[in-house]
Amino acid sequence: MLSSLSRRERVMLIFLIFFALGAGYYFYIYQPLEENIANLSQLKINKELQINKTTATLRKLPVLQDRYDQLQYIEKELNKNKINSADEMLAVLEEEAGKSGIKISSFIPEEDEKEVEISILLKGNYNQLIKFLEGIEKLNGQAEFSNMRIARIAENNLLEASGIIIYHDDLLTGGDKP
Numbered sequence: 686m687l688s689s690l691s692r693r694e695r696v697m698l699i700f701l702i703f704f705a706l707g708a709g710y711y712f713y714i715y716q717p718l719e720e721n722i723a724n725l726s727q728l729k730i731n732k733e734l735q736i737n738k739t740t741a742t743l744r745k746l747p748v749l750q751d752r753y754d755q756l757q758y759i760e761k762e763l764n765k766n767k768i769n770s771a772d773e774m775l776a777v778l779e780e781e782a783g784k785s786g787i788k789i790s791s792f793i794p795e796e797d798e799k800e801v802e803i804s805i806l807l808k809g810n811y812n813q814l815i816k817f818l819e820g821i822e823k824l825n826g827q828a829e830f831s832n833m834r835i836a837r838i839a840e841n842n843l844l845e846a847s848g849i850i851i852y853h854d855d856l857l858t859g860g861d862k863p
């Protein structure tokens, strides 16, 4: 059959066969592989981004470790004066009252599972009260003051301060962590 074709027709037939094979290869092999190549290229880009983020974090690691060590030191400093009970709170308040000259005339703790509420009544002059409040600054972050009332007593120019001190673990650094 090929012998009956002219030379020109045979060359055209060979070109047609090559064209058909090329088109078949393109549509059935190359295009599906091109999609896989695009997916793999995108995956490669994502992995490179992850590697870049990880290496950037690894470069920052010594700085982060130093910052963590600083924060640990601060936490240890804060927990050094940590109050765990109403008795410890009373000891701190009595110590500061003694230093400042304030008289604690009433100290009534009420404990429940979540918090300790302490009703307190203080007497002293203005300077003594200010010195007392500055002294109990170490309770900062551990105690919450509510219903504070300060009144002047007519006699002797004294002040009378009453209020409620609330202590609970959520006020501490780190919340309810032990």
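Heads up, the sequence shown is in the numbering used here, so the first residue is 686 and it goes up one at a time.
The C-beta atom is built at its ideal place from N, Cα and C for all residues, glycine as well.
Please read these numbers as outputs of a predicted model, since none were measured by experiment.
The Cβ atoms of E795 and S785 lie no closer than 9 Å to each other. Nearest in C-alpha terms to F792, of all of L778, E800, E798, is L778. Taking a contact as a CB-CB distance under 8 Å, the pair L818 and K788 does not count as one, their CB atoms being some 15 Å apart. Proximity to S770 across A723, A782, I714, E802 peaks at E802, based on C-alpha coordinates. Contact annotation: L814 and A839 have beta-carbon atoms that are not nearer than 9 Å. In the structure shown, I787 adopts coil according to DSSP, grouped into three states. DSSP places I821 outside any beta strand (DSSP E), giving it a letter other than H or E.
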